[in-house]
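S.K.: Sharing a structure here in structure tokens format.
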Amino acid sequence: RGDLLSGGERRRTEIARALAASPNFILLDEPFAGVDPIAVEEIQTIVAKLKQKNIGILITDHNVQETLSITDRAYLLFEGKILESGTPEVLAANEMVRRVYLGSNFVLRSKNL
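In this note's numbering, the protein residues as written are 85 to 197.
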């Protein structure tokens, strides 16, 4: 039963269901919301493996650190418009992005997957 799954189990099940259709792209909506740190790492590993299989992944998430650490390109939306886009490094270095979203103390973690 789905209501007995943990947040991480639910996310992995959602990804497996999406992959059953052999897609070229998948959308992950808030994959890191409400899951424990171990599940975050597992989901990041799954995303890295999908990338190796040339499956495109579009992620929408407010957990910036977890998302930017696994993405090649990101878009920051602010007030319904794209404020900035680019690599995680470009976004993290952008003063406007830091001022309106990331904060002055934000430090981008290195990609380790």
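We treat Cβ as the ideally placed atom computed from N, Cα and C, and that holds for glycine.
Of the residues 108, 98 and 143, which one's Cα is nearest the Cα of residue 153?
M.R.: Checking every option, the nearest Cα to that of residue 153 belongs to 143.
S.K.: Would you check if the distance between the CB atom of residue 123 and the CB atom of residue 90 is smaller than 9 Å?
M.R.: Result yes, Cβ atoms of residue 123 and residue 90 sit closer than 9 Å.
S.K.: Check each candidate in 109, 146 and 114 and name the one with the smallest Cα separation from residue 137.
M.R.: Comparing Cα positions, the closest option is 109.
S.K.: Indicate whether the contact test is met: 3 or more Cβ pairs, each with one atom in the stretch 146-161 and one in the stretch 172-191, closer than 8 Å.
M.R.: They touch, by the three-pair rule.
S.K.: Any idea which residues DSSP pairs residue 159 with across the strands?
M.R.: In the DSSP output, where bridge partners are listed per residue, residue 159 has 169.
S.K.: Is the beta carbon of residue 95 less than 9 Å from the beta carbon of residue 141?
M.R.: Their beta carbons are not under 9 Å apart, which means residue 95 does not touch residue 141 by this criterion.
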